[in-house]
């Protein structure tokens, strides 16, 4: 079938639906629902067999749903209605939630039900939940609904009852630092992550707070700032404290939206003298504090985890992760796992920090060099096997960071965007070396110019990744540990390490890594320091949340379906279990 996706933005869920529908053989195109753009005329031009709205902030016009079957993906169980479904679920600390695919009608979220799927609600932020359990349930329901529609025999079931909940406003999100417990503060912060944030007053200014993590030991007067750590601030609650990683300044009337920034950067010039308290070396063993970088060992396997908000890696993030990586490489292990968390792996350089810098060109240059230093360290690690484990999405330089490893493992729900074109950049991170050696020059050219998302299945088919782990988001860390420990125990691992060093030496003799870096950075520098380069306007629009004026041509173009069986020419040897590893799924997800 030809399926048209209508969405308010090409967000993570829309990208995943786009990629997985293509995997199932359907041709797919996208139209963005934008102000002042007649949506009905755009839909008619596509003449779709089916319209699906994975993320839509406005109602579909009657001219569309009266002419075509239109399926709305609602992030709530049957009967739940309203635009703040996930916000209320997290605010009220629901244990389970779900997704409903329903037919568009005049009353929003009240149409007949084509499919539904349930899922658990772990203690994570809204955006993490949305990209994880909610996205898994959404795809389960969407694919079932599409199959039912294609059959021509299914009759959707009308809803007999519903609960319409209002938009959650800042008044509903207000934190009372004098009386609110840590649990209450965390549920409030999680329900607003990553948008819209929780509006609050701090150090004489108004800010939106983004993200929240419990602290188990620090205490102080409720509302007081207690310490800093890796760009975050620790703030006392009525019975404990929380770490807040990011802040966003309130928009000045008539001005652009401010970027989200590390809390200490946003508060620069206002912060009192606070102690910088590093995270303990191991945050397990009963500790309930927060760190964005952690390391632990199990026998011959090291696990270096990191989790940066939104997957963005500033110059400081890159340098701290590089220091941690070098420390991990000093340990006597044979396998090192990089990543393994449940949300974003990495999306490359931190456009928000760059936009807020006094000199964005200089900060861009510093950030890309710091990213390159990290990638180079991974590429030149020849005394052990390195695995990049992607429990969440990766894009641009973050996707290329993963390719520096010996093996790339992806959770089945991951979406990859291995390209830079949409930000007006050539890209670096040694991608001109790592991407063609995995997929060939022709496919590398196509991926970087088409600029379309790939599912984990499609990435594995192309040889971009080595293993797809089918599991719930909460299970990915355990599955990664199981597989990595098995890899470390294989008799063939020592031979692979020796062969790896020999291969790196041969590649270096043929063309040094420094040559790839020099060529890539020459183009990047030219872009960064050209004030008229599109990169600056594109970066600004992305960070400031400027609305699009039209659907980008590469999305509006219909993309044919494909199949995901591994191509014989792309099959790569993998260690341990089969390349398609099925873990125990969480019930109902």
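In our numbering, the protein residues as written are 2 to 590. For each residue, glycine too, the CB sits at the ideal point set by N, CA and C. Nothing here was measured: the structure is a model prediction, and the numbers come from that model.
- Per DSSP, reduced to three states, the secondary structure at residue 179 is coil, with no helix or strand assignment.
- Within the model, the alpha-carbon separation for residue 47 versus residue 62 is close to 16 Å.
- For residue 423 and residue 452, the gap between their C-alpha atoms comes out near 7 Å.
- By the Cβ neighbour-count rule, residue 253 is exposed, with fewer than 16 other Cβ atoms within 10 Å of its own.
- In the DSSP annotation of this structure, the continuous segment of the alpha helix (DSSP H) that includes residue 355 starts and ends at 352-357.
- For residue 487, the closest of 187, 302, 538 and 418 by C-alpha to C-alpha distance is 302.
- Exclusion of the five residues before and after residue 74 leaves 55, 102 and 139 as the residues of its chain whose Cβ lies within less than 6 Å of its Cβ.
- Checking the DSSP bridge columns, you'll see residue 15 has no partner listed.
- Between the alpha carbons of residue 506 and residue 376 lies a gap of roughly 17 Å.
- If you check the CB distance, residue 417 and residue 378 do not come in under 8 Å.
- With contact defined as three or more Cβ pairs closer than 8 Å, the stretch 200-220 and the stretch 247-262 are in contact.
- For residue 557, the closest C-alpha among the options 170, 2 and 34 is that of 34.
- One thing to note: residue 356 has its Cβ no nearer than 8 Å to the Cβ of residue 334.
- A direct Cα-Cα distance of roughly 9 Å separates residue 477 from residue 391.
- Apart from the 5 residues on each side of it in sequence, residue 3 sits with its Cβ closer than 6 Å to the Cβ of 28, 49 and 50 in its chain, given in chain order.
- In this structure, DSSP gives residue 348 a state outside helix and strand, which the three-state scheme calls coil.
- The DSSP-derived three-state label of residue 394 is coil.
- Residue 14 and residue 510 have their C-alpha atoms some 43 Å from each other.
- In the structure shown, the three-state DSSP call for residue 3 is strand.
- The three-state reading of DSSP puts residue 533 in coil, since its state is none of H, G, I, E or B.
- Less than 8 Å divides the Cβ of residue 470 from the Cβ of residue 410.
- By the C-beta criterion, the stretch 115-122 is judged not to be in contact with the stretch 161-175, since fewer than 3 inter-stretch pairs fall below 8 Å.
- A check of alpha carbon separations from residue 59 across 104, 466 and 9 identifies 9 as the nearest.
- Residue nearest to residue 240 within the set 266, 304, 217 and 491 is 217 (criterion: CA-CA distance).
- Spanning the alpha carbons of residue 181 and residue 160 requires a straight line of approximately 38 Å.
- Counting along the chain, the unbroken beta strand (DSSP E) around residue 242 starts and ends at 242-245.
- Counting the other CB atoms within 10 Å of its CB gives residue 466 a total of 16 or more, which places it among the buried residues.
- Of the other Cβ atoms in all chains shown, 16 or more fall within 10 Å of the Cβ of residue 183; this residue is therefore buried.
- Bridge pairing for residue 498: absent [DSSP].
- With at least 16 other beta carbons inside 10 angstroms of its own, residue 345 counts as buried.
- Residue 131 and residue 141 have their C-alpha atoms roughly 14 Å apart.
- In this model, residue 367 and residue 144 are separated by some 44 Å (Cα to Cα).
- When 406, 228 and 231 are compared, the shortest CA-CA separation from residue 339 is found for 406.
- With respect to the C-alpha of residue 258, the residue from 196, 266, 265 and 271 having the closest C-alpha is 196.
- In the DSSP assignment, residue 98 is bridged to 120.
- Taken in chain order, the complete alpha helix (DSSP H) segments of 4 residues or longer contained in the stretch 380-442 are 397-404 and 432-440.
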